[in-house]
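One structure is given below, encoded as structure tokens.
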Amino acid sequence: MTYRLLLVESPAKQKRIAAILGQGWRVEATRGHVRDLPQDKLGVEVDQDFRPQYEVLPRQANTVKRLLKAIREAEAVYVGCDADREGEAIAWHVLQLADLPPDKPVYRVAFTAITESAVQAAIAAPRPLDVSLVEAQQTRRIIDRLVGYLVSPLACKALDGSYSAGRVQSACLRLVVERERAISAFTPETYWTLDARLMADSGEFTARLYSVKGQHIERLSGDQVAVLTGGLKEAVFWVGQVQHGEQVRHPAPPFTTSTLQQAASQALGLSPERTMQIAQQLYEAGHITYHRTDGADVAPEAQDAARRFIAQTCGGDYVPNEPPVYQAKARHAQEAHEAIRPTDVMRLPQEVEGDGAGLYALIWRRFVASQMAPARYAVQTVEVLAGKTHGLPYPLSFRVTGRTLTFDGYLKVYQDPPDPDAEPEENPVLPPLSEGAALRLMGWLPVERQTQAPPRFTEASLVRELEKLGIGRPSTYASMVQTLKERGYVTLKSKRLVPSEAGVSLCTFLTAHFPDLFAAGYTAHLENTLDAVAGGQMARLEVLRAFWADFTPQLQAAGQAIQVTKPRLTLTGETCPVCGGDLVERCGKHGKFTGCTNYPDCGYTRGLEHKPVTLHGAGVRG
């Protein structure tokens, strides 16, 4: 029996799509990448125009056999891997292995969601394989291999331990280390703020000192507070200018990968890695659209469905006159993916159970809110003036702003979780006040404060910083943070990322010898060039040659300088029980340990507290 073959990536997606397509179709899963560069050698022929030496992954040998047999027997092949660089590359590698005859029909399809309508729409609108996306992925992979394979051994040799450098991973680590250094170098300064507690006929309120003799004041010394409060013992207070206005607060766009990871961390306590795992499950179950995206677009039919739902459940006042249009905020927004949204707005949060329930509710509420009318506030800004009762005036002004919600709009459905690094909003409810009204001073509220060091990154704020700087892509944010944790370069303390001793050592080495390669600016520049390759504006070889010309002088200089920069090892006074060499203190990704000076020929190690430690040698992953 003949059949049409559809290739997808995951087995979970395979089962759901097979049920949708029915008879006449066969659906097979690639289970991710089927080929990659070899693990035991560089795998890039630099002198042959950077030709990659791809190999079938050992764990994928049986999968490849099954795929190739299915491809040979199919009357037509549809490739439905994820519609991004990696998905396009997976499709290309499978087809390269298949070595199909020219007359074999091959179609590329992309699913925005795993629903019957989305699957059928994708099958009905195939496209050719995007070779430019494949070229971009290969360029990225080759550069990452060159950096990881050639820099990591230098770090291992210089630092006497197992270390791994990566083009994007190490740029991410540098952000964490530099933030820690900024915190350590920070010297707090003490200052004061001064509030006046005031009584009007209509009620009591508090206003903060704004200016003295026309000069705006944000911070006071303790002496200034004493002078001001002492000098105003006989002062009179009255209402100056009163301004009334309206504040319109628009909803945030539906989630992108980055904003979903941030919100899930703050609202649900999920790591970026766990967020993406659950999102993958929701996507494969057909509950949400594709979850690796930096796009903000929403399909018109989804907007229409949301507007009908909002009108039915909240009322017509909550439906804006026109559907909102959102622009992607990412510096390098790529690929034609929608924002993350529920595939069916009528699937309410309480209808999704299991691990994905909380994340689905977050996605659903954010999407529905994004299609609703803005919230509206009545805003009252009051100026309070103070002066002496006799002699020359003593002009002080105090200010306070009150805000009252008049229409909840999208807030009826969703509010963004609080940012732990942001100042809390103060929105006091003010009594009715009129200009010129006399006020009575009830007391002073001086507050001693200190300037704050920049906060350590949370996983959420690090993702936000990566996106802002253009480091990485939606598909890599979570893995970057997870890799740093797994390799022991950063740890979580009170939900904040703290670099380990090994992480600081590695970062110091890399920034000393490769000051530009792992800098945020250069990393973002490379992402721009990869986007240019993906868009067909630049050729792979052009990018690789330019990178190699910048990289090799730094690589050579670092190699020559290692003996000079190599730290002096601390002898323990013991001999190695395996080879008889001297034992020294070393520092690895899991902290300090004791190792043999004959490493890597001798791999004997133990913890400093005589606990066995396994050392596998120099890591060289990209």
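Under our numbering, the first residue of the sequence shown carries the number 22, and numbering increases by one thereafter. Where a beta carbon is used, it is the ideal one built from N, C-alpha and C, also for glycine. Since the model is a prediction, treat every value here as computed from it, not as a measurement.
- Message: Does His571 come out as helix, strand or coil in the three-state DSSP assignment?
- Response: Before going on, a small fix: residue 571 reads as Asp here, not His. Of the three classes helix, strand and coil, the one that applies to Asp571 here is helix, per DSSP.
- Message: Just to confirm my understanding: we take Ala399, look at its own chain, exclude 5 residues before and 5 after, and list those with CB closer than 6 Å. What are they?
- Response: Cβ within range, chain order: Thr425, Thr427.
- Query: Out of curiosity, what's the CA-to-CA distance linking Lys506 and Thr512?
  - Reply: 6 Å
- Message: For Ala104 and Tyr184, I'd like the C-alpha separation in whole angstroms.
- Response: 34 Å
- Query: Quick one: what does DSSP say Gln236 is sitting in, helix, strand or coil?
  - Reply: Here Gln236 sits in strand by DSSP.
- Query: For the alpha helix (DSSP H) that contains Arg485, what are its first and last residues?
  - Reply: 480 to 490
- List in chain order: all unbroken alpha helix (DSSP H) runs of 4+ residues lying wholly within the stretch 384 to 436. Listed in chain order, nothing qualifies, since the stretch 384 to 436 has no complete alpha helix (DSSP H) run of 4 or more residues.
- Query: Considering only the beta carbon of each residue, do Tyr75 and Arg56 sit closer than 8 Å?
  - Reply: yes
- Task: Using the DSSP secondary-structure output, state which residues sit across from Thr227 in a beta bridge.
- Result: Arg218
- Query: So, Pro126 versus Asp315, is the Cβ gap smaller than 8 Å?
  - Reply: no
- Task: Under 6 Å Cβ to Cβ from Leu432, same chain only, skipping five residues before and after it: list those, please.
- Result: Ala396
- Query: Are the CB atoms of Val248 and Leu215 nearer to each other than 8 Å?
  - Reply: no
- Return the chain-ordered list of same chain residues with a C-beta closer than 7 Å to the C-beta of Gln190, the five sequence neighbours on each side being excluded. Met501, Thr504, Leu505
- Take Gly580 as the anchor and find which of Gly251, Thr334, Leu180 has the nearest alpha-carbon. Leu180
- Item | Outcome for Val450 when other beta-carbon atoms lying within 10 angstroms are tallied against a minimum of 16 | exposed
- Query: Tell me which same chain residues have a C-beta within less than 8 Å of the C-beta of Glu684, skipping the five on either side of it?
  - Reply: Past the edges of the chain, shown from 22 to 643, lies residue 684, and the structure says nothing about it.
- Query: Do you know offhand how far Thr586's Cα is from Leu547's?
  - Reply: Note that Thr586 scores 49 on pLDDT, short of 50, meaning its location in the model is unreliable and no value can be drawn from it.
- Could you check what DSSP says for Gln57 in three-state terms: helix, strand or coil? Here the sequence assigns Asp to residue 57, which means Gln is not the residue at that position. Reduced to three states, the DSSP call for Asp57 is strand.
- Query: For Ala540, does the three-state DSSP call read helix, strand or coil?
  - Reply: coil
- Query: Around the Cβ of Ser654, are there at least 16 other Cβ atoms within 10 angstroms (buried) or fewer (exposed)?
  - Reply: Because the chain here runs from 22 to 643, residue 654 falls outside it and cannot be looked at.
- Can you tell which of Leu406, Leu592, Leu531, Ser153 has the C-alpha that lies nearest to the C-alpha of Leu253? Out of Leu406, Leu592, Leu531, Ser153, Leu406 has the C-alpha closest to the C-alpha of Leu253.
- Task: Just list the alpha helix (DSSP H) runs in the stretch 230 to 286, keeping only unbroken ones of 4 residues or longer that don't cross its boundaries, in chain order.
- Result: 243 to 252
- Message: Considering Cα atoms alone, identify which of Ala39, Pro73, Val29, Gly101 is closest to Thr84.
- Response: Val29
- Rounded separation between Leu26 and Ala332 - CA only: 43 Å
- Task: Report yes or no: do the stretch 471 to 485 and the stretch 220 to 227 share at least 3 C-beta pairs separated by less than 8 Å?
- Result: no
- Task: Have a look at Tyr212, Val197, Thr211 and flag the residue whose alpha-carbon is nearest the alpha-carbon of Ser205.
- Result: Val197
- Item | Selection from Ala176, Ser482, Ile144 that minimises the alpha carbon distance to Pro293 | Ser482
- Message: Taking the alpha carbon of Leu291 as the reference point, which residue from Asp429, Gly379, Ser418 has its own alpha carbon closest?
- Response: Nearest C-alpha to Leu291: Gly379.
- Item | Whole-angstrom distance between Thr573 and Ala553, CA atom to CA atom | 23 Å
- Per-residue DSSP class, three states only, for Leu116: helix
- Task: Could you please give the first and the last residue of the uninterrupted beta strand (DSSP E) stretch that includes Val511?
- Result: 511 to 514
- Roughly how many whole angstroms lie between the Cα atoms of Gln287 and Pro147? 39 Å
- Task: Give a yes or no on whether the C-beta atoms belonging to Arg644 and Leu219 are separated by under 8 Å.
- Result: Only positions 22 to 643 of the chain appear in this structure, which leaves residue 644 out of reach.
- Message: Quick check: is any heavy atom of the ligand ZN less than 7 Å from the C-beta of Trp385?
- Response: With respect to the ligand ZN, the structure offers nothing, as it holds no ligand at all.
- Query: To the nearest angstrom, how far is it from the Cα of Asp437 to the Cα of Arg329?
  - Reply: About 23 Å.
- Message: When you compare the CB positions of Arg313 and Thr278, do they come within less than 8 Å of one another, or not?
- Response: yes
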